[in-house]
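Read left to right, the sequence shown gives residues 2 to 153 (the numbering used here).
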Amino acid sequence: MLKIDCEQDFSALSAAFEGEYSADCNLLCEVIIVDGEYIRRLNADIRKIDKVTDVLSFPSLDGIKGISLNKKNYPDEIDEEGNLFIGSVAVCEQRAREQAEEYGHSFERELNYLVTHGVFHLLGYDHMTEEDKAEMREREERVLKKLNLTRD
2 MLKIDCEQDF SALSAAFEGE YSADCNLLCE VIIVDGEYIR RLNADIRKID KVTDVLSFPS
62 LDGIKGISLN KKNYPDEIDE EGNLFIGSVA VCEQRAREQA EEYGHSFERE LNYLVTHGVF
122 HLLGYDHMTE EDKAEMRERE ERVLKKLNLT RD
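What follows is the structure, encoded as structure tokens:
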């Protein structure tokens, strides 16, 4: 099971990740919802890009795309409850609202999409090539479809 630690309830999204990874323990990630100034500062400090962005991911594990995650291989990332910490995601609420309007869908869909996108980055997926982008988008849409949050 994927556990999303956030002030907002993402339990349905957590459940929708079932089947998207293989692990012998629960996975844990942190999600924070921030304002434009906060994410701009993070983006400038970490990526040296001084502008507001919609989502930033901070994976704690490298090279895990598509592999079975076994807690014995990551002893330093296991918390006291036996969860494997995979990283943190910061989502800009302001950009999520703007993008929902721009794309013509609900804020709920956009927020869940951005968290989903961030979590897939934590799981090792990226969109640097067209092939990688297509794979990541397919996975994102499959998760959102389980929540009935499609683009339609």
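Glycine included, C-beta positions come from ideal geometry on N, C-alpha and C.
No experiment lies behind these values; they were computed from the predicted model shown.
Note on geometry: alpha-carbon atoms of Val120 and Ser58 lie some 7 Å from one another. Residue range 131 to 147 is occupied by the alpha helix (DSSP H) that includes Asp133.
Cα atoms of Leu85 and Glu78: separation of roughly 6 Å, rounded to the nearest angstrom.
One Cα belongs to Lys66, the other to Tyr126, and the distance between them is close to 6 Å. The continuous alpha helix (DSSP H) containing Leu115 extends over residues 108 to 123.
The way I'd put it, the segment 96 to 109 doesn't touch the segment 10 to 17; fewer than three beta-carbon pairs between them come closer than 8 Å. Between Ala13 and Leu148, the C-beta spacing is below 8 Å.
Check the Cα spacing between Arg110 and each of Leu145, Glu131, Leu62: the tightest is with Leu145.
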